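Chains as they are written, first to last, in my numbering: chain L, 15 to 246; chain V, 15 to 246. Down below is the structure, laid out as structure tokens.
Number of protein chains: 2
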Amino acid sequence: MINVMKKITQNSDAKIYPMPFTRIELVVMSVVNDCLSVLLGKREQAPYAGLWALPGGVVRIDLDANLEASAQRVAQERLAIQMPYLRQQCAVGGVSRDPRAPWAVSIVYRALSRAEEFNPTAGKRLDALRWCPVDEAMADNYLAFDHQQLIAQAVAATRSEIDRLELPFGFLPEQFTLGELQTACEIMLGRRLDKSSFRRRIDERALIEPIEGEMRIGSFRPAQLFCQKAQT
Amino acid sequence: MINVMKKITQNSDAKIYPMPFTRIELVVMSVVNDCLSVLLGKREQAPYAGLWALPGGVVRIDLDANLEASAQRVAQERLAIQMPYLRQQCAVGGVSRDPRAPWAVSIVYRALSRAEEFNPTAGKRLDALRWCPVDEAMADNYLAFDHQQLIAQAVAATRSEIDRLELPFGFLPEQFTLGELQTACEIMLGRRLDKSSFRRRIDERALIEPIEGEMRIGSFRPAQLFCQKAQT
DNA sequence: TCAAAAGTGTTTGGGTTACACCCATGG
DNA sequence: CCATGGGTGTAACCCAAACACTTTTGA
Chain L
15 MINVMKKITQ NSDAKIYPMP FTRIELVVMS VVNDCLSVLL GKREQAPYAG
65 LWALPGGVVR IDLDANLEAS AQRVAQERLA IQMPYLRQQC AVGGVSRDPR
115 APWAVSIVYR ALSRAEEFNP TAGKRLDALR WCPVDEAMAD NYLAFDHQQL
165 IAQAVAATRS EIDRLELPFG FLPEQFTLGE LQTACEIMLG RRLDKSSFRR
215 RIDERALIEP IEGEMRIGSF RPAQLFCQKA QT
Chain V
15 MINVMKKITQ NSDAKIYPMP FTRIELVVMS VVNDCLSVLL GKREQAPYAG
65 LWALPGGVVR IDLDANLEAS AQRVAQERLA IQMPYLRQQC AVGGVSRDPR
115 APWAVSIVYR ALSRAEEFNP TAGKRLDALR WCPVDEAMAD NYLAFDHQQL
165 IAQAVAATRS EIDRLELPFG FLPEQFTLGE LQTACEIMLG RRLDKSSFRR
215 RIDERALIEP IEGEMRIGSF RPAQLFCQKA QT
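Structure below.
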């Protein structure tokens with residue numbers, strides 16, 4: 015610690031200024047029970063004990079190569095999961111944002127994931143985690159800190175991506191049918207989509223491809239299975 | 015300083031972790047000589063002495079209420095100007111981003127402004143500032159740090175906003191004609207726009223309004239003057 | 001009378017919505 | 001044979017680009 019501070023004070027621009035307490039917050043979303051949900055952890059201690067909060071952690075300059083790596087480490091430590099397709103959402107910071115520090119910055123990342131990928135027994139702090147429908151999370155005095163606002167932003171940004179079919183993969187299973195994909199998009203958007211336009215728009219973006227010979231069989235007509243196209 | 019660190023170490027989450035060196039960088043853009051340009055400062059000292067860099071400054075937790083206020087203060091100190099319509103672009107951070115610190119975070123803000131508003135004699139460090147056409151700034155080894163990438167991002171984001179006519183005001187004078195507005199947009203986008211569609215799209219967004227009785231007179235047919243509509 | 005810019009109207013085409021229709025399967 | 005979801009096609013519609021056209025002024 016002292017070493018680090020010395021290094022900072024060596025130069026002219028970074029004289030004696032104390033630096034903000036800098037954290038990562040993760041907005042991990044998924045479709046659970048036909049509901050767009052967000053992963054929350056229950057706060058056991060003050061401040062905001064008893065309220066729910068986004069999983070997060072401190073940026074560790076001794077461990078992380080960059081902000082994205084910080085986010086990945088936090089995901090690994092707190093959620094015991096890898097998060098491809100992480101997107102940086104914003105940075106928030108100010109005095110009295112977080113009572114634990116005089117001035118706190120959070121770099122917020124968001125991602126869609128599959129709830130099924132989470133192993134509920136893995137991870138030391140995983141017991142207090144919960145998938146919370148976004149509507150519930152938007153209730154007053156449900157969330158700690160400024161997390162309600164952060165989640166609202168994340169949901170809006172994600173919906174916008176879905177709308178443009180810039181599919182933020184990570185919520186897709188290995189194999190899926192077009193119907194399943196459309197249903198997932200409809201749930202996340204909160205409105206119905208036209209089947210014909212959806213399919214046309216999907217294949218003109220060329221993001222997914224059919225798996226030859228693989229069909230989903232069920233109660234009704236079998237459906238072609240698709241997978242993500244290898245990224246260029 | 016010591017006080018601050020004590021506060022941070024009081025709680026459990028923020029034990030002994032040194033925090034990143036946290037700065038604000040400003041990407042201020044304007045149309046200068048019919049060219050989309052960005053405001054740069056010449057670096058006199060190492061690192062990157064002789065190269066150009068974005069104006070910026072340290073986040074001062076003793077002075078700034080939040081990140082936006084930090085950005086405003088930096089704009090005031092380094093550019094002697096107010097910057098309404100600041101937009102946060104991203105946060106970048108990592109080891110060896112800035113040789114002055116072991117781990118450096120920058121919160122990047124972007125804005126469009128009117129070059130005419132700048133008073134070249136105001137501000138202590140204003141002498142080393144220059145409006146640089148973005149094409150020049152994109153040349154290799156012209157910019158210090160990772161600023162080339164930051165400017166490229168800012169230009170893309172700004173163009174996208176102009177494209178959707180979510181006009182990032184701040185580049186508009188008090189009064190302007192539709193022709194002037196269109197020309198400015200064309201320069202910033204780097205392509206021509208259709209007059210008819212442009213006007214239709216402008217007035218369905220209802221962002222500006224005609225000033226009754228005010229016309230720009232010149233060599234040709236007089237043109238209606240417009241101003242920004244009061245924001246709701 | 002001409003050049004240049006302001007301002008308006010019309011045509012056209014691409015893309016989306018809405019909806020109809022057939023297909024394949026299990027029950 | 002019917003309910004259900006998969007899959008395809010078509011007509012109506014909307015928006016915006018393209019472009020033609022008129023207006024107004026100074027030179």
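By construction, the Cβ of each residue, glycine as well, lies at the ideal position given by its N, Cα and C atoms. Just so you know, these numbers come straight off a predicted model, no measurement behind them.
Item	Value
Whole-number beta carbon distance between Ser-120/V and Val-106/V, since they are thought to touch under 8 Å	5 Å
Met-43/V: first and last residue of the uninterrupted beta strand (DSSP E) it sits in	35-45
Neighbourhood of Val-148/V by C-beta, 6 Å cutoff - its chain only, sequence neighbours within 5 removed	Leu-50, Val-52 and Val-169
Within chain L, partners of Ala-85/V - CB distance below 7 Å	Near Ala-85/V there are no residues of chain L at all, since even the closest Cβ is about 11 Å away, more than 7 Å.
8 Å CB neighbourhood of Val-73/L in its chain, flanking five on each side removed	Thr-36, Arg-37, Ile-38, Leu-81, Ser-84 and Ile-121
Check whether Phe-234/L and Tyr-99/L have beta carbons under 8 Å apart	no
In DSSP terms, what Gly-108/L is bridged to	Ala-118/L and Asn-80/V
Cross-chain neighbours of Trp-117/V in chain L, by beta carbon under 7 Å	Ile-75
Which residues DSSP lists as bridging Lys-56/V, in chain order	Trp-66/V
Identified DSSP bridge partners for Met-97/V	In the DSSP output, where bridge partners are listed per residue, Met-97/V has none listed.
Residues bridged to Cys-146/V (per DSSP)	Val-52/V
Secondary structure of Glu-180/V, DSSP reduced to three states	coil
Amino acids of chain L, ordered along the chain, whose beta-carbon sits closer than 7 Å to that of Thr-36/V	Met-33, Pro-34, Thr-36 and Val-119
8 Å contact criterion, which Gln-238/L and Ile-222/L should meet: CB distance rounded	The Cβ separation is near 11 Å, so there is no contact.
Between the CA atoms of Arg-114/V and Ile-22/L - distance to the nearest angstrom	Low confidence applies here, because Ile-22/L scores a pLDDT of 39, under 50, leaving its location unreliable and the question unanswered by this model.
Chain-ordered neighbours of Leu-81/V on chain L, where CB pairs are closer than 8 Å	Ala-105, Val-106, Gly-107, Gly-108 and Val-119
Check whether Gln-162/V and Met-152/V have beta carbons under 8 Å apart	yes
Where Gly-193/L falls: helix, strand or coil (DSSP)	helix
Cross-strand partners of Pro-224/L (DSSP beta bridge)	Phe-240/L
Proximal residues to Glu-175/V (C-beta, below 7 Å), its chain only, five neighbours per side dropped	Pro-182
Cβ pair Arg-124/L, Thr-172/L closer than 8 Å	yes
Pairwise C-alpha distance: Ala-129/L and Ile-216/V	44 Å
Whether Pro-187/L touches Trp-117/L by CB criterion (8 Å)	no
Sequence-distant residues of its chain with Cβ nearer than 7 Å to Trp-145/L (five each side left out)	Ser-44, Val-46, Ser-51, Leu-53 and Ala-129
Residue range of the alpha helix (DSSP H) that includes Arg-128/L	Taken as a continuous stretch (DSSP letters only), Arg-128/L belongs to no alpha helix (DSSP H), as it is neither H nor E.
Cβ-based burial, Arg-111/V [other Cβ within 10 Å; buried from 16]	buried
CB contact below 8 Å: Gln-167/V versus chain L	no
Counterpart residues of Leu-157/V in DSSP-defined beta bridges	Trp-66/V
Chain V within 8 Å of Val-41/L, Cβ atoms only	no
Cβ shell of Glu-131/V (< 7 Å), same chain only, five flanking positions each side left out	Ile-95
Neighbourhood of Asn-17/V by C-beta distance below 8 Å, restricted to the same chain and skipping five residues each side	Bear in mind that a pLDDT of 37 at Asn-17/V, under 50, signals an unreliable position, so the model cannot answer this.
Contact with chain L by Gln-9/V, beta-carbon distance below 8 Å	Because chain V in this structure spans residues 15 to 246, residue 9/V falls outside the shown range and cannot be described.
Given Phe-240/L as reference, the closest of Arg-206/L, Leu-207/L and Gln-196/L once Cα atoms are compared	Gln-196/L
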